[in-house]
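Novice:
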Amino acid sequence: MTLKQALGRARKILVAHDIEEAHLEGELLLREALGMSRVQLYLALDRELGCEEEEFWHLVERRLNGEPIAYIMGRREFYGLDFHVEPGVFIPRPESELLVEQAVKLAQHHTVSGIAEIGTGCGAIAISLALHLPRAKVYATDVSKSALKIARFNCQKHGVADRVCLLQGDMLEPLPEPVDLIVANLPYVGEMELTRMGSAGFEPLLALNGGRDGLEKIRQLCQQAGDRLCPQGSLLLEMGQGQAGAVTSLLRCLFPSAEVEVAPDLNGIDRVVSLTLVVREPSLA
(Lines of atoms letter the chains of each structure in order from A; the text may use other names.)
(Lines give C-alpha, C1' and ligand atoms only; values in the text may rest on other atoms or scores of the structure.)
Protein backbone atom coordinates (compact mmCIF):
# COMPACT_ATOMS: atom_id res chain seq x y z
CA MET A 2 0.00 0.00 0.00
CA THR A 3 1.42 3.39 -1.01
CA LEU A 4 1.20 6.48 1.13
CA LYS A 5 -1.39 7.87 -1.30
CA GLN A 6 -3.54 4.76 -0.98
CA ALA A 7 -3.24 4.74 2.82
CA LEU A 8 -4.19 8.41 2.98
CA GLY A 9 -7.24 7.89 0.76
CA ARG A 10 -8.39 4.88 2.74
CA ALA A 11 -7.98 6.65 6.09
CA ARG A 12 -9.93 9.65 4.88
CA LYS A 13 -12.83 7.43 3.73
CA ILE A 14 -12.91 5.68 7.10
CA LEU A 15 -12.90 8.97 8.99
CA VAL A 16 -15.69 10.35 6.78
CA ALA A 17 -17.75 7.20 7.40
CA HIS A 18 -17.43 7.83 11.14
CA ASP A 19 -18.59 11.47 10.81
CA ILE A 20 -15.22 13.05 11.63
CA GLU A 21 -15.81 16.68 10.58
CA GLU A 22 -12.33 17.45 9.23
CA ALA A 23 -11.62 13.97 7.89
CA HIS A 24 -9.60 15.21 4.90
CA LEU A 25 -7.20 17.21 7.06
CA GLU A 26 -7.06 14.80 9.98
CA GLY A 27 -6.21 11.82 7.78
CA GLU A 28 -3.20 13.74 6.52
CA LEU A 29 -2.17 14.85 10.01
CA LEU A 30 -2.32 11.30 11.36
CA LEU A 31 -0.25 9.94 8.48
CA ARG A 32 2.34 12.68 8.90
CA GLU A 33 2.47 11.94 12.63
CA ALA A 34 3.12 8.25 12.02
CA LEU A 35 5.78 9.00 9.41
CA GLY A 36 7.38 11.98 11.16
CA MET A 37 7.04 14.01 7.95
CA SER A 38 6.17 17.59 7.11
CA ARG A 39 3.35 18.27 4.66
CA VAL A 40 5.78 18.93 1.82
CA GLN A 41 7.72 15.75 2.55
CA LEU A 42 4.52 13.71 2.56
CA TYR A 43 3.26 14.98 -0.79
CA LEU A 44 6.66 14.43 -2.38
CA ALA A 45 6.60 10.81 -1.23
CA LEU A 46 3.01 9.76 -1.99
CA ASP A 47 4.13 6.93 -4.31
CA ARG A 48 6.36 5.43 -1.61
CA GLU A 49 5.26 2.19 0.03
CA LEU A 50 3.95 2.43 3.60
CA GLY A 51 6.34 0.12 5.42
CA CYS A 52 7.11 -0.37 9.10
CA GLU A 53 5.03 2.71 10.01
CA GLU A 54 1.77 1.08 8.85
CA GLU A 55 0.85 -0.46 12.21
CA GLU A 56 1.46 2.85 14.01
CA PHE A 57 -0.61 4.75 11.45
CA TRP A 58 -3.69 2.55 11.76
CA HIS A 59 -3.33 2.61 15.53
CA LEU A 60 -3.54 6.43 15.41
CA VAL A 61 -6.59 6.22 13.13
CA GLU A 62 -8.25 3.82 15.58
CA ARG A 63 -7.63 6.21 18.46
CA ARG A 64 -9.33 8.97 16.50
CA LEU A 65 -12.29 6.73 15.67
CA ASN A 66 -12.69 6.09 19.39
CA GLY A 67 -13.26 9.81 19.88
CA GLU A 68 -9.86 10.87 21.17
CA PRO A 69 -9.16 14.49 20.13
CA ILE A 70 -6.47 14.74 17.46
CA ALA A 71 -4.61 17.29 19.60
CA TYR A 72 -4.05 14.61 22.25
CA ILE A 73 -3.02 12.06 19.65
CA MET A 74 -0.43 14.43 18.19
CA GLY A 75 0.50 16.01 21.51
CA ARG A 76 0.19 19.55 20.27
CA ARG A 77 -2.23 22.29 19.26
CA GLU A 78 -1.75 25.55 17.38
CA PHE A 79 -3.06 28.69 19.06
CA TYR A 80 -2.58 32.30 17.95
CA GLY A 81 0.09 31.19 15.47
CA LEU A 82 2.07 29.29 18.13
CA ASP A 83 2.51 25.58 18.76
CA PHE A 84 1.62 24.31 22.25
CA HIS A 85 2.18 20.94 23.85
CA VAL A 86 -1.07 19.37 25.11
CA GLU A 87 -1.90 16.01 26.63
CA PRO A 88 -4.80 14.37 28.48
CA GLY A 89 -5.45 16.23 31.69
CA VAL A 90 -5.31 19.67 30.13
CA PHE A 91 -7.99 21.56 28.18
CA ILE A 92 -7.33 21.84 24.44
CA PRO A 93 -7.16 25.51 23.33
CA ARG A 94 -9.94 26.54 20.95
CA PRO A 95 -9.67 29.00 18.02
CA GLU A 96 -12.43 31.19 19.47
CA SER A 97 -10.28 31.86 22.55
CA GLU A 98 -7.82 33.73 20.33
CA LEU A 99 -10.30 36.61 20.56
CA LEU A 100 -9.32 37.02 24.23
CA VAL A 101 -5.73 37.64 23.18
CA GLU A 102 -6.79 40.02 20.39
CA GLN A 103 -8.97 42.04 22.77
CA ALA A 104 -6.22 42.17 25.40
CA VAL A 105 -3.63 43.43 22.90
CA LYS A 106 -6.10 46.03 21.61
CA LEU A 107 -6.91 47.17 25.14
CA ALA A 108 -3.20 47.57 25.93
CA GLN A 109 -2.93 50.12 23.11
CA HIS A 110 -5.17 52.51 25.06
CA HIS A 111 -4.61 51.56 28.71
CA THR A 112 -1.62 50.85 30.89
CA VAL A 113 -1.24 47.08 31.23
CA SER A 114 1.80 46.28 33.32
CA GLY A 115 0.27 43.36 35.21
CA ILE A 116 -1.93 40.59 33.78
CA ALA A 117 -3.56 37.58 35.39
CA GLU A 118 -4.92 34.69 33.36
CA ILE A 119 -7.23 32.49 35.40
CA GLY A 120 -7.46 28.79 34.61
CA THR A 121 -4.44 28.78 32.33
CA GLY A 122 -4.44 25.09 31.36
CA CYS A 123 -1.56 24.53 28.94
CA GLY A 124 -0.68 28.23 29.19
CA ALA A 125 -1.63 29.17 25.62
CA ILE A 126 -3.37 32.46 26.46
CA ALA A 127 -0.84 33.59 29.09
CA ILE A 128 2.12 32.80 26.84
CA SER A 129 0.55 34.52 23.83
CA LEU A 130 -0.03 37.62 25.96
CA ALA A 131 3.53 37.54 27.29
CA LEU A 132 4.90 37.40 23.76
CA HIS A 133 2.68 40.18 22.38
CA LEU A 134 2.86 42.41 25.48
CA PRO A 135 6.53 41.98 26.46
CA ARG A 136 6.51 44.77 29.05
CA ALA A 137 3.78 43.14 31.11
CA LYS A 138 4.24 40.76 34.03
CA VAL A 139 1.90 37.81 33.56
CA TYR A 140 0.47 35.66 36.33
CA ALA A 141 -1.20 32.40 35.30
CA THR A 142 -3.27 30.43 37.81
CA ASP A 143 -4.78 26.96 37.77
CA VAL A 144 -6.07 24.53 40.38
CA SER A 145 -4.49 21.61 38.53
CA LYS A 146 -0.88 20.73 39.32
CA SER A 147 -0.61 18.61 36.15
CA ALA A 148 -1.90 21.48 33.99
CA LEU A 149 0.71 23.84 35.47
CA LYS A 150 3.43 21.30 34.69
CA ILE A 151 2.40 21.39 31.02
CA ALA A 152 2.13 25.20 31.12
CA ARG A 153 5.67 25.38 32.54
CA PHE A 154 6.97 23.24 29.67
CA ASN A 155 5.26 25.56 27.15
CA CYS A 156 6.64 28.66 28.89
CA GLN A 157 10.15 27.28 28.54
CA LYS A 158 9.50 26.26 24.94
CA HIS A 159 8.46 29.81 24.00
CA GLY A 160 11.08 31.58 26.09
CA VAL A 161 8.79 33.35 28.56
CA ALA A 162 9.47 31.35 31.73
CA ASP A 163 10.99 34.46 33.32
CA ARG A 164 7.88 36.59 32.70
CA VAL A 165 5.00 34.17 33.25
CA CYS A 166 4.56 33.37 36.93
CA LEU A 167 2.62 30.12 37.36
CA LEU A 168 0.53 29.88 40.53
CA GLN A 169 -1.50 26.94 41.81
CA GLY A 170 -4.80 27.80 43.42
CA ASP A 171 -8.46 28.52 42.87
CA MET A 172 -9.40 31.49 40.71
CA LEU A 173 -7.84 34.76 41.99
CA GLU A 174 -6.84 33.32 45.35
CA PRO A 175 -3.10 32.87 44.65
CA LEU A 176 -2.56 36.34 43.10
CA PRO A 177 0.01 38.27 45.17
CA GLU A 178 -1.12 41.72 44.05
CA PRO A 179 -3.79 43.57 42.04
CA VAL A 180 -3.32 43.65 38.26
CA ASP A 181 -4.36 45.88 35.40
CA LEU A 182 -5.99 43.08 33.43
CA ILE A 183 -7.69 39.81 34.31
CA VAL A 184 -8.28 37.39 31.44
CA ALA A 185 -10.21 34.14 31.75
CA ASN A 186 -11.64 31.35 29.67
CA LEU A 187 -13.47 29.57 32.47
CA PRO A 188 -15.69 26.49 32.14
CA TYR A 189 -19.00 27.67 30.65
CA VAL A 190 -20.63 24.46 29.48
CA GLY A 191 -23.84 23.56 31.32
CA GLU A 192 -23.99 20.14 32.92
CA MET A 193 -26.70 18.93 30.54
CA GLU A 194 -24.64 19.94 27.50
CA LEU A 195 -21.55 18.00 28.53
CA THR A 196 -22.97 14.68 27.40
CA ARG A 197 -23.32 16.02 23.84
CA MET A 198 -19.69 17.07 23.55
CA GLY A 199 -17.55 14.64 21.59
CA SER A 200 -14.35 15.21 23.56
CA ALA A 201 -16.03 15.40 26.97
CA GLY A 202 -14.83 11.92 27.85
CA PHE A 203 -11.19 12.85 27.19
CA GLU A 204 -10.79 16.46 28.31
CA PRO A 205 -10.78 17.17 32.07
CA LEU A 206 -14.30 17.69 33.37
CA LEU A 207 -12.99 20.44 35.64
CA ALA A 208 -12.12 22.55 32.58
CA LEU A 209 -15.55 22.11 30.97
CA ASN A 210 -18.22 21.98 33.66
CA GLY A 211 -19.68 25.41 34.33
CA GLY A 212 -22.38 24.13 36.68
CA ARG A 213 -26.10 23.86 36.12
CA ASP A 214 -26.40 26.88 33.80
CA GLY A 215 -22.75 27.11 32.73
CA LEU A 216 -22.12 30.36 34.62
CA GLU A 217 -21.06 29.13 38.05
CA LYS A 218 -17.32 29.84 37.66
CA ILE A 219 -17.91 33.08 35.77
CA ARG A 220 -20.07 34.40 38.62
CA GLN A 221 -17.40 33.43 41.13
CA LEU A 222 -14.69 35.30 39.24
CA CYS A 223 -16.81 38.41 38.69
CA GLN A 224 -17.58 38.60 42.41
CA GLN A 225 -13.87 38.39 43.27
CA ALA A 226 -12.50 40.65 40.54
CA GLY A 227 -13.13 44.04 42.19
CA ASP A 228 -10.51 43.50 44.89
CA ARG A 229 -7.90 42.22 42.43
CA LEU A 230 -8.12 44.92 39.75
CA CYS A 231 -6.10 48.11 39.82
CA PRO A 232 -7.97 51.42 39.39
CA GLN A 233 -9.13 51.60 35.76
CA GLY A 234 -8.33 47.90 35.42
CA SER A 235 -10.08 45.58 32.99
CA LEU A 236 -11.61 42.13 32.93
CA LEU A 237 -11.93 39.99 29.78
CA LEU A 238 -14.14 36.90 29.90
CA GLU A 239 -14.89 34.29 27.27
CA MET A 240 -18.47 32.99 27.34
CA GLY A 241 -20.70 30.55 25.54
CA GLN A 242 -23.43 31.13 23.00
CA GLY A 243 -26.48 32.78 24.54
CA GLN A 244 -24.71 33.82 27.77
CA ALA A 245 -23.95 37.45 26.91
CA GLY A 246 -27.12 38.86 28.47
CA ALA A 247 -26.64 37.12 31.80
CA VAL A 248 -22.92 37.94 32.02
CA THR A 249 -23.28 41.62 31.13
CA SER A 250 -26.20 42.01 33.56
CA LEU A 251 -24.11 40.50 36.33
CA LEU A 252 -21.16 42.80 35.61
CA ARG A 253 -23.34 45.92 35.46
CA CYS A 254 -24.90 44.95 38.77
CA LEU A 255 -21.52 44.41 40.45
CA PHE A 256 -19.79 47.39 38.77
CA PRO A 257 -22.51 49.95 37.96
CA SER A 258 -20.08 52.69 36.86
CA ALA A 259 -17.86 50.46 34.71
CA GLU A 260 -17.78 50.26 30.92
CA VAL A 261 -19.05 46.90 29.64
CA GLU A 262 -18.75 45.77 26.01
CA VAL A 263 -19.26 42.52 24.09
CA ALA A 264 -17.20 41.33 21.10
CA PRO A 265 -18.42 38.65 18.65
CA ASP A 266 -16.24 35.88 17.26
CA LEU A 267 -15.78 35.13 13.55
CA ASN A 268 -19.11 33.29 13.51
CA GLY A 269 -20.95 36.32 14.86
CA ILE A 270 -21.48 34.73 18.29
CA ASP A 271 -21.04 37.06 21.28
CA ARG A 272 -17.87 35.52 22.68
CA VAL A 273 -15.90 37.97 24.86
CA VAL A 274 -17.23 40.45 27.37
CA SER A 275 -14.94 43.23 28.56
CA LEU A 276 -15.27 45.36 31.66
CA THR A 277 -13.16 48.43 32.38
CA LEU A 278 -13.34 50.23 35.71
CA VAL A 279 -13.89 53.96 35.48
CA VAL A 280 -12.45 56.30 38.09
CA ARG A 281 -14.98 59.07 38.60
CA GLU A 282 -13.68 62.54 39.32
CA PRO A 283 -14.98 63.85 42.67
CA SER A 284 -17.79 66.31 42.16
CA LEU A 285 -17.31 69.91 43.30
CA ALA A 286 -19.57 70.93 46.13
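For the sequence shown, the residue numbers in the working numbering are 2 to 286. For every residue, glycine included, the Cβ atom is placed at its ideal position computed from N, Cα and C.
Could you tell me which residues DSSP puts in a beta bridge with A117?
Specialist: One-based indexing of the sequence shown puts residue 117 at position 116. According to DSSP, which records beta bridges pairwise, A117 is partnered with Y140, I183.
Novice: Taking the CB atoms as reference points, tell me whether V113 and V139 lie closer together than 8 Å.
Specialist: For the purposes of this step, residue 113 is identified with residue 112 of the sequence shown, where counting begins at 1. For the purposes of this step, residue 139 is identified with residue 138 of the sequence shown, where counting begins at 1. Against a cut-off of 8 Å, the Cβ pair of V139 and V113 comes out as no contact.
Novice: Taking three-plus beta-carbon pairs below 8 Å as touching, is the stretch 208-216 in contact with the stretch 256-270?
Specialist: Touching, no, given that fewer than three Cβ pairs across the two stretches are closer than 8 Å.
Novice: Can you give me the C-alpha to C-alpha distance between G124 and F203, rounded to a whole angstrom?
Specialist: Translated into positions along the sequence shown, residue 124 becomes position 123. Translated into positions along the sequence shown, residue 203 becomes position 202. If I take the Cα positions, the gap works out to 19 Å.
Novice: Thinking just about the alpha-carbon of each residue, which of G241, E178, Q221 is nearest to the one in L209?
Specialist: One-based indexing of the sequence shown puts residue 209 at position 208. Ranking the options by Cα distance to L209, first place goes to G241.
Novice: Around the C-beta of K106, are 16 or more other C-beta atoms found within 10 angstroms, so that it is buried, or is it exposed?
Specialist: Counting from one through the sequence shown, the residue named residue 106 turns up at place 105. Exposed, since its Cβ has fewer than 16 Cβ neighbours within 10 Å.
Novice: Distance check for P135 and Y35, CA to CA, integer angstroms please.
Specialist: Residue numbering aside, residue 35 sits at position 34 when the sequence shown is read from its first letter. Residue numbering aside, residue 135 sits at position 134 when the sequence shown is read from its first letter. It should be noted that the sequence gives Leu, not Tyr, for residue 35. One C-alpha to the other measures close to 37 Å.
Novice: Note down, one range per segment and in chain order, each alpha helix (DSSP H) of at least 4 residues found wholly within the stretch 11-38.
Specialist: You should have 23-35.
Novice: Could you give the DSSP three-state label for F91: helix, strand or coil?
Specialist: Within the sequence shown, the letter at position 90 stands for residue 91. Coil, per DSSP.
Novice: Taking all protein chains shown into account, decide if N66 is buried (16 or more other Cβ within 10 angstroms of its Cβ) or exposed.
Specialist: Indexing the sequence shown from 1 puts residue 66 at position 65. So N66 counts as exposed.
Novice: Using three-state DSSP, classify D83 as helix, strand or coil.
Specialist: Looking up residue 83 in the sequence shown gives position 82. Of the three classes helix, strand and coil, the one that applies to D83 here is strand, per DSSP.
Novice: Taking only the alpha-carbon atoms, compute the straight-line gap between S200 and R64 and give it to the nearest angstrom.
Specialist: The residue labelled residue 200 in the question sits at position 199 within the sequence shown. The residue labelled residue 64 in the question sits at position 63 within the sequence shown. Low confidence applies here, because S200 scores a pLDDT of 48, under 50, leaving its location unreliable and the question unanswered by this model.
Novice: Can you tell me where the beta strand (DSSP E) with G234 in it begins and where it stops?
Specialist: Indexing the sequence shown from 1 puts residue 234 at position 233. Taken as a continuous stretch (DSSP letters only), the beta strand (DSSP E) holding G234 covers 230-239.
Novice: Distance check for G9 and L25, CA to CA, integer angstroms please.
Specialist: Along the sequence shown, read from residue 1 onward, the residue named residue 25 stands at position 24. Along the sequence shown, read from residue 1 onward, the residue named residue 9 stands at position 8. Those two C-alpha atoms are separated by around 11 Å.
Novice: How many angstroms separate the CA atom of H154 from the CA atom of A148?
Specialist: Looking up residue 154 in the sequence shown gives position 153. Looking up residue 148 in the sequence shown gives position 147. The sequence as given places Phe at residue 154; His does not occur at that position. If you take the alpha carbons of F154 and A148, they lie about 10 Å apart.
Novice: For P88, does the count of other Cβ atoms within 10 angstroms reach 16, so buried, or fall short, so exposed?
Specialist: The sequence position of residue 88 within the sequence shown is 87, counting from 1. Exposed, since its Cβ has fewer than 16 Cβ neighbours within 10 Å.
Novice: When the Cα of L130 is compared with those of D143, V144, G115, which residue comes out closest?
Specialist: The count along the sequence shown starts at 1 and reaches residue 130 at position 129. For L130, the nearest C-alpha among the options comes from G115.
Novice: Can at least three beta-carbon pairs, one atom from the stretch 178-187 and one from the stretch 233-240, be found at a separation below 8 Å?
Specialist: As far as the Cβ criterion goes, the stretch 178-187 touches the stretch 233-240, which means the pair count is three or higher.
Novice: Roughly how many angstroms lie between the CA atoms of G122 and K218, to the nearest whole one?
Specialist: Residue numbering aside, residue 122 sits at position 121 when the sequence shown is read from its first letter. Residue numbering aside, residue 218 sits at position 217 when the sequence shown is read from its first letter. Cα-Cα distance, rounded: 15 Å.
Novice: Just grab the DSSP bridge partners of V261 for me.
Specialist: Here the question's residue 261 lines up with position 260 in the sequence shown. Answer by DSSP bridge pairing, in chain order: L276.
Novice: Taking 8 Å as the CB-CB limit, is E68 close to chain B?
Specialist: Absent from the structure is chain B; it holds one protein chain and no more.
Novice: Excluding the 5 residues flanking R220 on each side, which residues of the same chain have their C-beta closer than 8 Å to its C-beta?
Specialist: Here residue 220 corresponds to residue number 219 of the sequence shown, with the count starting at 1. If we look at R220 and ignore the five residues flanking it on each side, its Cβ neighbours are L251.
Novice: By the 10 Å Cβ neighbour count, where 16 or more other Cβ atoms means buried, how is Y72 classified, buried or exposed?
Specialist: Here the question's residue 72 lines up with position 71 in the sequence shown. Under this definition Y72 is a buried residue.
Novice: So the beta strand (DSSP E) Q303 belongs to, where does it begin and stop?
Specialist: An answer regarding residue 303 cannot be provided, because it is not within the stretch 2 to 286 covered by the chain.
Novice: Which of helix, strand or coil does DSSP assign to G254?
Specialist: Counting from one through the sequence shown, the residue named residue 254 turns up at place 253. Per the sequence presented here, residue 254 reads as Cys, with Gly not at that position. C254: helix per DSSP, three-state reduction.
Novice: According to DSSP, is E68 part of a helix, a strand, or is it coil?
Specialist: Along the sequence shown, one-based indexing puts residue 68 at 67. E68 falls in the coil class under three-state DSSP.
Novice: Express the C-alpha separation of I151 and A259 in angstroms, rounding to a whole number.
Specialist: Residue numbering aside, residue 259 sits at position 258 when the sequence shown is read from its first letter. Residue numbering aside, residue 151 sits at position 150 when the sequence shown is read from its first letter. Using only the alpha carbons, I get a separation of about 36 Å.
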